[in-house]
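Numbering (my numbering), first residue to last: 884 to 1090.
Below you can see the structure in the form of structure tokens.
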């Protein structure tokens, strides 16, 4: 089992979606960790979300993406040796990345952000992002050594070295933190192109 091969039994990535969580999961998978990639995007009931996390927390070694960034406190006492990684990026870039959701309704977002749809609720999402980072920092103010903060806008060499130091991994280890999710870039291009065509179509109707 992976947690027998590594110094720390559990690792929780506390970054919200669109902050390199997928890349973080891939990195830990290469290290041999059992990464929980399952999600509950279709669930809006917070009690059912907690139940999901309670069921999965003993099965895996590493946890990333929603809902873990907001449920991790339930397990801090249970896993006193766990490590936590807060991934983040500039607010403007996070909002831009979140815009690919546009008017898509995601039930899990209702439970986490208070709104299932991003479009029209940008201020609420923005405020949650800022508050989330502040709350994470406060949660570890008495034990900062358990938390690593990583700006994913840094290059992957820097991120890899930060992770190696935090986790006690040899600098000779060849596993590198992967580049950003290309799928997200393609999705963003699709979103932009779709709305370019929509704009052209709308303007053509009035010519």
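Beta carbons: idealized from backbone N, C-alpha and C, even for Gly.
- With respect to the 8 Å criterion, residue 899 and residue 949 are classified as neighbours on the basis of their beta carbons.
- The straight-line gap separating the alpha-carbon atoms of residue 896 and residue 964 is approximately 15 Å.
- Per DSSP, residue 1059 lies in no beta strand (DSSP E) and is assigned neither H nor E.
- Take the alpha-carbon of residue 993 and the one of residue 955: they are about 18 Å apart.
- Taking C-beta separations shorter than 6 Å and ignoring five residues to either side along the sequence, the partners of residue 1004 in its chain run 998, following chain order.
- Check the Cα spacing between residue 968 and each of 947, 985, 960, 987: the tightest is with 947.
- Contact between the region 977-990 and the region 912-926 is established, with three or more Cβ pairs separated by less than 8 Å.
- Here residue 911 is not near residue 966, since their CB atoms are 8 Å or more apart.
- Going by C-alpha positions, residue 913 is about 18 Å away from residue 1041.
- Rounded to whole angstroms, the gap between the alpha carbons of residue 978 and residue 903 is 14 Å.
- Less than 8 Å divides the Cβ of residue 1031 from the Cβ of residue 1045.
- In the DSSP assignment, residue 961 falls outside any beta strand (DSSP E) and carries neither an H nor an E.
- 959 is the residue among 953, 933, 959 whose C-alpha sits nearest the C-alpha of residue 1026.
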